[in-house]
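Colleague: Numbering follows my numbering, with no gaps: position 48 of the sequence shown is 48. Glycine included, C-beta positions come from ideal geometry on N, C-alpha and C.
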Amino acid sequence: MSNRVYTWTLLVSLFIFAHSPACAPNQQEESPNEHTTEATQELTTETTSETTPEVQESAGESTHEPAQEAASEQLTDTSEPTQDASPEFTAEPPEVMSESAPELLPEPTQETITETPTESPTDTTTNCKQAGEIVGAAESCCSGLSKGALSADALCMPPAVAQICVKCGDGVCDHTQGEDKCSCPKDCVQSAPSGACYPKQSHPFTCPDGKQTSWCECDGKAPCIPECRYIGTRSEGWYDSCDGTRFKWDFCSQCKGQPVCDKIGSKSEGWYCDGALITYAQCAKPTATWSCIKSPENGCTRCQSDKDCTLTACSQHGTYCLEWRETCGTFNLCAKTKTLHNNKTCDTKTGTCQ
1 MSNRVYTWTL LVSLFIFAHS PACAPNQQEE SPNEHTTEAT QELTTETTSE
51 TTPEVQESAG ESTHEPAQEA ASEQLTDTSE PTQDASPEFT AEPPEVMSES
101 APELLPEPTQ ETITETPTES PTDTTTNCKQ AGEIVGAAES CCSGLSKGAL
151 SADALCMPPA VAQICVKCGD GVCDHTQGED KCSCPKDCVQ SAPSGACYPK
201 QSHPFTCPDG KQTSWCECDG KAPCIPECRY IGTRSEGWYD SCDGTRFKWD
251 FCSQCKGQPV CDKIGSKSEG WYCDGALITY AQCAKPTATW SCIKSPENGC
301 TRCQSDKDCT LTACSQHGTY CLEWRETCGT FNLCAKTKTL HNNKTCDTKT
351 GTCQ
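#1: Where residue 355 and residue 4 are concerned, what is the direct C-alpha to C-alpha distance, given to the nearest angstrom?
#2: Looking at the structure shown, is residue 251 part of a helix, part of a strand, or coil, going by DSSP?
#3: Under the three-state reduction of DSSP, which class applies to residue 237: helix, strand or coil?
#4: I need the boundaries of the beta strand (DSSP E) containing residue 321, first residue and last residue.
#5: Per DSSP, which one or two residues make a beta bridge with residue 342?
#6: Based on DSSP bridge pairs, tell me the residues matched to residue 280.
#7: Could you name the residues of the same chain whose beta carbon sits closer than 8 Å to that of residue 114, not counting the 5 residues immediately before and after it, in chain order?
#8: Name the DSSP bridge partner or partners of residue 190?
#9: Applying the 10 Å Cβ sphere with the 16-neighbour rule, what's the burial state of residue 231?
#10: Taking only the alpha-carbon atoms, compute the straight-line gap between residue 120 and residue 341 and give it to the nearest angstrom.
#11: Flag this pair as yes or no: are the beta carbons of residue 252 and residue 301 separated by less than 8 Å?
#12: Tell me the residue span of the beta strand (DSSP E) that contains residue 131.
#13: What does DSSP give as the partner residue(s) for residue 333 in the beta ladder?
#14: Do the segment 277–290 and the segment 306–324 touch if we need at least three Cβ pairs shorter than 8 Å?
#15: Between the alpha carbons of residue 183 and residue 149, how many angstroms are there, rounded?
#16: Using 10 angstroms around the beta-carbon of residue 234, count the other beta-carbons present and answer buried if the total reaches 16, otherwise exposed.
#17: Using 8 Å as the threshold, is the C-beta distance between residue 132 and residue 171 below it?
#18: Name the one or two DSSP bridge partners that residue 260 has.
#19: Below 8 Å, can you find three or more Cβ-Cβ pairs linking the segment 157–169 to the segment 246–266?
#20: State buried or exposed for residue 82, treating a residue as buried only when at least 16 other CB atoms are found within 10 Å of its CB.
#21: Just to confirm before moving on: does the CB-CB distance between residue 338 and residue 151 stay below 8 Å?
#22: Could you tell me whether the Cβ atoms of residue 297 and residue 207 are closer together than 8 Å?
#23: Beta-carbon separation of residue 402 and residue 288 under 8 Å?
#24: If we count the other Cβ atoms within 10 Å of its Cβ and call it buried at 16 or more, is residue 144 buried or exposed?
#25: For my contact list, residue 278 and residue 238 are in at a C-beta cut-off of 8 Å; report their separation, rounded to the angstrom.
#26: For the beta strand (DSSP E) containing residue 213, name the first residue and the last one.
#27: Can you tell me which residues form a DSSP beta bridge with residue 166?
#28: For residue 241 and residue 201, what's the separation of their Cα atoms in angstroms?
#29: Could you say which of 320, 349, 353 and 350 lies nearest to residue 163 if we only look at CA atoms?
#30: Exposed or buried, which one is residue 249 when buried takes at least 16 other CB atoms within 10 Å?
#31: Mapping DSSP to helix, strand and coil, what is residue 36?
#32: Starting from residue 315, follow its DSSP beta bridges and name the residues at the other end.
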């Protein structure tokens with residue numbers, strides 16, 4: 001019993017001691033901070049309340065009024081271009097689309113894909129006659145050829161009988177292709193050359209049988225044309241064609257053309273080949289001229305009869321056989337004659353139509 005009383009008494013004492021003023025300093029030490037904080041907040045509130053109206057008034061003068069004016073200006077400025085810009089945007093299409101857009105082609109229809117028939121040209125290649133072939137009145141010569149009269153016994157046959165295809169007008173009298181004074185007088189009628197010339201130049205005469213004989217020679221003094229000699233040896237070079245004087249050692253065989261007189265009238269006038277100098281010379285004004293024999297036919301084969309003329313040949317042209325013979329013609333000269341035989345065959349061994 002006494003123990004219980006003692007315990008309760010001790011607890012009451014401790015409780016009273018705990019709530020006595022002696023134990024209150026901690027609370028009093030904390031309270032000044034609280035009072036200080038409250039006082040600071042009150043001072044801040046008062047200061048803010050005193051300065052805020054002035055700041056608000058100054059801020060109102062500096063910010064709110066320009067902002068309102070700027071806003072009003074934006075409203076007035078943006079309202080006008082909006083009305084002007086909208087028609088421009090809708091009126092014109094974008095440029096990028098116009099540049100990059102591919103050109104639209106119409107879809108093929110039956111009309112566009114239908115091929116138009118073309119007329120095939122007349123094939124004259126297989127039906128035309130070649131050079132040297134006999135051609136009838138209803139036939140034609142191949143491209144580049146023309147019809148010429150046939151010759152017989154030094155006489156020109158009329159076109160109604162028969163003609164021959166020749167390449168006339170190229171300046172060459174080609175007897176192997178049937179060209180002569182009848183079929184191609186433009187190339188085969190001979191005339192003596194005229195004008196200046198260089199030594200060692202010549203111009204032959206063509207006999208009726210196609211053989212050539214001397215006719216005209218260059219006569220007189222003139223610069224001689226350089227000549228390439230001794231090809232393939234150590235002495236290969238350019239030499240004077242008149243007296244054999246060497247102009248220069250050179251690989252003259254590589255020259256593709258003929259020596260020509262170039263750079264006329266200058267200090268460099270002379271003989272050149274493919275643009276390379278051979279020798280300097282006053283070569284532009286030769287003084288030599290042509291000297292021709294009056295009767296060049298005297299150099300041709302003379303005959304007393306057809307037996308003295310030996311040429312005999314033939315050629316087959318479809319159903320025609322063309323026979324070539326040498327006959328003793330005018331001035332006792334062997335001349336080529338052509339005889340056309342129908343429905344005959346050329347015998348190449350004998351050179352006759354059978």
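Modeller: The relevant details are as follows:
#1: In the structure displayed, the chain extends from 1 to 354; residue 355 sits before or after that span and is not available.
#2: For the purposes of this step, residue 251 is taken as residue 251 along the sequence shown, with counting starting at 1. Coil, per DSSP.
#3: Counting from one through the sequence shown, the residue named residue 237 turns up at place 237. In the three-state reduction of the DSSP assignment, residue 237 falls in the strand class, which pools E and B.
#4: Sequence index remark: in the sequence shown, residue 321 carries index 321 (1-based). Its beta strand (DSSP E) spans residues 320–328.
#5: Translated into the one-based positions of the sequence shown, residue 342 becomes position 342. Its beta-bridge partners are 320.
#6: Taking the first residue of the sequence shown as position 1, residue 280 is located at position 280. BP columns for residue 280 point to 270.
#7: Counting from one through the sequence shown, the residue named residue 114 turns up at place 114. The predicted position of residue 114 is uncertain, since its pLDDT is 40 and thus under 50; a value taken from the coordinates is nonetheless stated next. Result list for residue 114: empty, nothing under 8 Å.
#8: Position 190 of the sequence shown, counted from the start, is the residue given in the question as residue 190. Beta-bridge annotation (DSSP): residue 190 is not paired with any residue.
#9: Indexing the sequence shown from 1 puts residue 231 at position 231. Taking every protein chain shown into account, the CB of residue 231 has fewer than 16 other CB atoms within 10 angstroms, so this residue is exposed.
#10: On the sequence shown, residue 120 is found 120 positions in, with the first residue counted as 1. On the sequence shown, residue 341 is found 341 positions in, with the first residue counted as 1. In this prediction, residue 120 has a pLDDT of 33, which is less than 50 and means its spatial position is unreliable; nothing more can be read from the coordinates.
#11: As a position in the sequence shown, residue 252 is number 252, starting the count at 1. As a position in the sequence shown, residue 301 is number 301, starting the count at 1. The beta carbons of residue 252 and residue 301 sit no closer together than 8 Å.
#12: The residue labelled residue 131 in the question sits at position 131 within the sequence shown. No beta strand (DSSP E) holds residue 131; DSSP gives it neither H nor E.
#13: Walking along the sequence shown from the start, residue 333 turns up at place 333. Bridge partners of residue 333: 302.
#14: Result no; under three Cβ-Cβ pairs closer than 8 Å.
#15: On the sequence shown, residue 183 is found 183 positions in, with the first residue counted as 1. On the sequence shown, residue 149 is found 149 positions in, with the first residue counted as 1. CA-to-CA, the gap between residue 183 and residue 149 works out to about 4 Å.
#16: What you label residue 234 is simply residue 234 of the sequence shown in a count that begins at 1. Exposed, by the Cβ-count rule.
#17: Here residue 132 refers to the residue found at position 132 when the sequence shown is read from its first residue. Here residue 171 refers to the residue found at position 171 when the sequence shown is read from its first residue. Cβ atoms of residue 132 and residue 171: not closer than 8 Å.
#18: The residue given as residue 260 occupies position 260 in the sequence shown. According to DSSP, residue 260 bridges with 272.
#19: No: the two stretches stay apart, fewer than three of their Cβ pairs being nearer than 8 Å.
#20: In the sequence shown, residue 82 corresponds to position 82, counting from 1. Any answer about residue 82 is weak, because its pLDDT of 43 lies below 50 and its placement is not dependable; what the coordinates show is given next. Classification for residue 82: exposed.
#21: Taking the sequence shown and counting its residues from 1, the one referred to as residue 338 is at position 338. Taking the sequence shown and counting its residues from 1, the one referred to as residue 151 is at position 151. A contact, by the Cβ cut-off of 8 Å.
#22: On the sequence shown, position 297 is the one that residue 297 refers to. On the sequence shown, position 207 is the one that residue 207 refers to. A Cβ-Cβ contact shorter than 8 Å links residue 297 with residue 207.
#23: Summary: the structure shown does not reach residue 402, with the chain confined to residues 1 through 354, and so no result is reported for it.
#24: The count along the sequence shown starts at 1 and reaches residue 144 at position 144. Result: exposed.
#25: Residue 278 sits at position 278 when you count from the first residue of the sequence shown. Residue 238 sits at position 238 when you count from the first residue of the sequence shown. Indeed they touch by this definition, with Cβ atoms about 5 Å apart.
#26: Residue mapping note: residue 213 aligns to position 213 of the sequence shown, counting from 1. That run of the beta strand (DSSP E) goes 212–219.
#27: As a working mapping, residue 166 is identified with position 166 in the sequence shown. 146.
#28: As a working note, residue 241 is residue 241 in the sequence shown. As a working note, residue 201 is residue 201 in the sequence shown. Near 10 Å, if we compare the C-alpha coordinates of residue 201 and residue 241.
#29: For this step, residue 163 is matched to residue 163 along the sequence shown. Here the closest residue by C-alpha is 320.
#30: Residue mapping note: residue 249 aligns to position 249 of the sequence shown, counting from 1. By the C-beta density criterion, residue 249 is exposed, having fewer than 16 other C-beta atoms within 10 angstroms.
#31: Taking the sequence shown and counting its residues from 1, the one referred to as residue 36 is at position 36. Any reading at residue 36 is ruled out, since the residue's pLDDT is 44, under 50, leaving its predicted position unreliable.
#32: In the sequence shown, counting from the first residue as 1, residue 315 sits at position 315. Partner residues in the beta bridge of residue 315, as assigned by DSSP, are 322.
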